[in-house]
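Chemist:
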């Protein structure tokens with residue numbers, strides 16, 4: 001049975017649908033190919049789309065609202081924390097100045113502004129655009145906090161001996177999963193190192209190249 005929801009509500013959804021005490025949970029974190037290719041919500045910089053970036057279209061906060069209403073200091077924190085961007089301060093300053101003239105509402109506008117910072121500082125444009133889009137998307141969807149709450153719920157739902165597998169696609173997510181597995185006393189780590197895609201898989205599916213899977217097992221009660 002398919003249910004639309006959020007990792008944040010994992011335990012509630014499972015309980016409501018009689019999935020309490022399960023032997024396996026797979027969490028495939030982040031945006032899907034659908035979001036990138038068909039949603040037209042501004043997840044990708046390859047097309048000119050409205051700056052929305054909400055995974056749940058009924059959620060309140062959009063990317064445009066973040067970019068046009070956040071104080072410059074808060075924008076800086078978003079780019080630094082969620083994009084690990086070295087030029088977070090310059091980027092936030094450029095966006096704050098631009099929005100005073102014209103609101104930033106499309107992906108093309110955003111790409112142009114980010115690219116201008118990269119060009120002025122002789123940095124990799126594509127990398128800066130990619131990390132900036134990632135940072136804004138994470139902020140809009142509160143992805144990392146939802147992941148943390150989802151991990152806690154997943155362990156609660158597992159039977160003893162049940163396994164939890166997490167597929168992440170960037171270092172921020174993977175770091176959270178790795179630390180959680182290490183600290184959670186109810187789990188035994190199965191994968192000492194993350195499982196990564198083979199060359200053959202990457203050739204068939206380029207988007208799999210950054211995937212990292214970690215697996216842990218719920219300890220049996222003594």
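Numbering (UniProt numbering), first residue to last: 1 to 222. Note that the Cβ used here is the ideal one computed from N, Cα and C, for glycine as well.
Please determine if the stretch 82–89 and the stretch 98–114 are in contact, where contact requires at least 3 C-beta pairs separated by less than 8 Å.
Modeler: No, the stretch 82–89 does not touch the stretch 98–114.
Chemist: For the stretch 41–48 against the stretch 102–118, do three or more pairs of beta-carbon atoms, one drawn from each stretch, fall closer than 8 Å, so that the two count as touching?
Modeler: Taking 8 Å as the limit for Cβ pairs, the verdict is that the stretch 102–118 does touch the stretch 41–48.
Chemist: State buried or exposed for residue 28, treating a residue as buried only when at least 16 other CB atoms are found within 10 Å of its CB.
Modeler: Stepping through the chain shown from its first residue, residue 28 is reached at position 28. The residue in question, residue 28, is exposed, as its Cβ has fewer than 16 Cβ neighbours within 10 Å.
Chemist: Since I believe residue 76 is in contact with residue 89 (beta carbons under 8 Å), could you give me their beta-carbon distance rounded to a whole number of angstroms?
Modeler: Your numbering for residue 89 matches position 89 in the chain shown. Your numbering for residue 76 matches position 76 in the chain shown. Right, their Cβ atoms sit about 5 Å apart.
Chemist: Going by DSSP in three states, residue 124 sits in which element: helix, strand or coil?
Modeler: Taking the chain shown and counting its residues from 1, one reaches residue 124 at position 124. In the structure shown, residue 124 sits in coil (DSSP, three-state: anything other than H, G, I, E or B).
Chemist: Going by DSSP in three states, residue 190 sits in which element: helix, strand or coil?
Modeler: Within the chain shown, numbered from 1, the residue matching residue 190 stands at position 190. In the structure shown, residue 190 sits in coil (DSSP, three-state: anything other than H, G, I, E or B).
Chemist: For residue 210, collect the residues of the same chain with a Cβ closer than 7 Å to its Cβ; drop the 5 residues on either side in sequence, then sort them by chain order.
Modeler: Here residue 210 corresponds to residue number 210 of the chain shown, with the count starting at 1. Cβ neighbours of residue 210 beyond the five flanking positions: 169, 170.
Chemist: To the nearest angstrom, how far is the alpha carbon of residue 25 from that of residue 121?
Modeler: Position 25 of the chain shown, counted from the start, is the residue given in the question as residue 25. Position 121 of the chain shown, counted from the start, is the residue given in the question as residue 121. One C-alpha to the other measures close to 44 Å.
Chemist: Name the residue from 105, 214, 92 whose alpha carbon lies nearest to the alpha carbon of residue 116.
Modeler: Taking the first residue of the chain shown as position 1, residue 116 is located at position 116. When only C-alpha atoms are compared, the closest one is 92.
Chemist: What is the DSSP secondary structure of residue 156, counted as helix, strand or coil?
Modeler: Along the chain shown, read from residue 1 onward, the residue named residue 156 stands at position 156. DSSP places residue 156 in helix when its eight states are reduced to three.
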